[in-house]
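In this note's numbering, the protein residues as written are 24 to 199. No residue lacks a Cβ here, since even glycine has one placed at the ideal position from N, Cα and C. Keep in mind the model is a prediction, meaning the values are calculated, not measured. Structure first, then comments.
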């Protein structure tokens, strides 16, 4: 998805928003598995934020313009939830959301960052902008850089034997 569009083979649409949605869904799924509780009514947000704060590589990929706590909340409230439930649309708040990337990454680039312990860049940027004569906050998720961060997060989480045991027990309990 991160390498689309590919007009030479008839794939003319970019899928970076779908890629962001998939990465955010993966984080949500890991958060539910950690707690062995799939009844997420009212607690999904808390679980998502906790797994982001506990395992995302914030020290290597800090958000630009805010704290990791605010970024973790925004990833759930302003990226994950709208993508999952409202086609990515938000109608409240004095901000604008962008999901983007710089260019179309090559297979070699994606392989290189997938195997690297060094962040390719900032995943979440906050900027003050003017929109229709009003000062607002622009929140931008770079999906390629976020991909690197989520890969690092999964690697860190699965290297913790206690977390792996909790996840295995959750899967077994739910017949997976």
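task: Could you spell out the range, first to last residue, of the beta strand (DSSP E) harbouring residue 76?
output: As a working note, residue 76 is residue 53 in the chain shown. Here residue 76 belongs to no beta strand (DSSP E); instead the alpha helix (DSSP H) covers 67-78.
message: Whole angstroms are fine: how far does the CA of residue 178 sit from the CA of residue 80?
response: The count along the chain shown starts at 1 and reaches residue 80 at position 57. The count along the chain shown starts at 1 and reaches residue 178 at position 155. Distance between the alpha carbons of residue 80 and residue 178 is about 10 Å.
- prompt: Between the beta-carbon of residue 47 and the beta-carbon of residue 98, is there less than 8 Å?
  reply: Position 24 of the chain shown, counted from the start, is the residue given in the question as residue 47. Position 75 of the chain shown, counted from the start, is the residue given in the question as residue 98. For residue 47 and residue 98, yes; Cβs fall inside 8 Å.
- request: Label residue 168 either buried or exposed according to how many other C-beta atoms from any shown protein chain fall within 10 Å of its C-beta, with 16 as the threshold for buried.
  value: Numbered from its first residue, the chain shown carries residue 168 at position 145. Its Cβ being crowded by 16 or more others within 10 Å, residue 168 is buried.
- request: Verify whether the separation of the beta carbon atoms of residue 23 and residue 34 is less than 8 Å.
  value: Outside the displayed range of the chain (24 to 199) lies residue 23, so it cannot be described from this structure.
task: Going by CA-CA distance only, name the one from 166, 75 and 127 that's closest to residue 144.
output: In the chain shown, counting from the first residue as 1, residue 144 sits at position 121. The option with the nearest alpha carbon to residue 144 is 166.
query: What do you get for residue 184, buried or exposed, if any count of 16 or more other CB atoms within 10 angstroms of its CB means buried?
result: Residue numbering aside, residue 184 sits at position 161 when the chain shown is read from its first letter. When all chains shown are included, residue 184 counts as exposed.
- request: Consult DSSP for residue 124 and reduce its assignment to one of helix, strand or coil.
  value: For the purposes of this step, residue 124 is taken as the residue at position 101 of the chain shown. Coil at residue 124, not helix or strand.
query: Does DSSP put residue 25 in a helix, a strand or coil?
result: As a working note, residue 25 is residue 2 in the chain shown. Of the three classes helix, strand and coil, the one that applies to residue 25 here is coil, per DSSP.
Contacting residues, own chain, Cβ-Cβ under 7 Å from residue 136 (five flanking each side not counted): Along the chain shown, read from residue 1 onward, the residue named residue 136 stands at position 113. Cβ neighbours of residue 136 beyond the five flanking positions: 143 and 171.
query: Expressed to the nearest angstrom, what Euclidean distance is found between the alpha-carbon atoms of residue 125 and residue 156?
result: For this step, residue 125 is matched to residue 102 along the chain shown. For this step, residue 156 is matched to residue 133 along the chain shown. Cα to Cα, the separation comes out at about 27 Å.
- request: Report the option in 43, 44 and 71 whose CA atom is closest to the CA atom of residue 55.
  value: If you number the chain shown from 1, residue 55 lands on position 32. Here the closest residue by C-alpha is 71.
message: Give me the residue from 103, 154, 141 and 181 with the minimum Cα distance to residue 41.
response: Here residue 41 refers to the residue found at position 18 when the chain shown is read from its first residue. That would be 103, whose Cα lies nearest to the Cα of residue 41.
Residue closest to residue 159, alpha-carbon to alpha-carbon, out of 174, 119 and 49: In the chain shown, the residue the question calls residue 159 occupies position 136. Nearest C-alpha to residue 159: 119.
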